[in-house]
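Here the sequence shown stands for residues 1 to 159, where the numbers follow UniProt numbering.
Where is the CB? At the ideal position from N, CA and C, for every residue including glycine.
Worksheet: one structure, shown below.
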Amino acid sequence: MIALFPGSFDPLTNGHLDLISRASKMYDQIIVAVMTNTSKKPLFSTDEKLELIKTNVKEMANVEVIAVESDLTVNVMNKLGATVLVRGVRDVKDFEYEREIAAMNSQLDGQIETILLLARPEYSFLSSSMIKEVGQFHGDITKFVPANVAAALNQKLER
1 MIALFPGSFD PLTNGHLDLI SRASKMYDQI IVAVMTNTSK KPLFSTDEKL ELIKTNVKEM
61 ANVEVIAVES DLTVNVMNKL GATVLVRGVR DVKDFEYERE IAAMNSQLDG QIETILLLAR
121 PEYSFLSSSM IKEVGQFHGD ITKFVPANVA AALNQKLER
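So, in structure tokens, the structure goes:
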């Protein structure tokens, strides 16, 4: 069974990595799709995000990382043969948002199943936006993101 884990990953956090790892134990193949979020202005290029994620999942044999510039998630899933959409949920606000997206995806393609994984408590407050904010003001982000992401983010934010 192939599962898709989409996101903008700008940047990848330890919470994302935890969800990828957990999902990799549940499905035959996990495809991490770096997708465009039209409501966000990314700090990292797609190629940079791909490289950062690939470095952190290289030990997970059943995880593949791809870029999807512009498409509906259900279309991507159909092209890849994925039937499960994996999403992370940190709080009630995430749940409501993900429930709405799952309902829309179900209307677009009734064969798609959305699986919501609860964030572990130590990651339940993490967001890429928050990480960028802390990093911008020289806060210590090393416990929130993988080492290569912290280095890349610090380099990006140097003026």
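Asked: Where the alpha helix (DSSP H) through Leu50 begins and ends; Found: 46-57
Asked: Sub-9 Å separation of Thr13 and Val145 beta-carbons; Found: yes
Asked: Alpha-carbon to alpha-carbon, Phe95 and Met104; Found: 14 Å
Asked: Segments assigned alpha helix (DSSP H), at least 4 residues, entirely inside the UniProt domain "Cytidyltransferase-like" (4-133); Found: 14-24, 46-57, 73-80, 92-108
Asked: Per-residue burial, Val92 [other beta carbons within 10 Å of its own, 16 or more giving buried]; Found: exposed
Asked: The alpha helix (DSSP H) enclosing residue 160, as first and last residue numbers; Found: Because the chain spans 1 through 159 in this model, residue 160 falls outside it and cannot be assessed.
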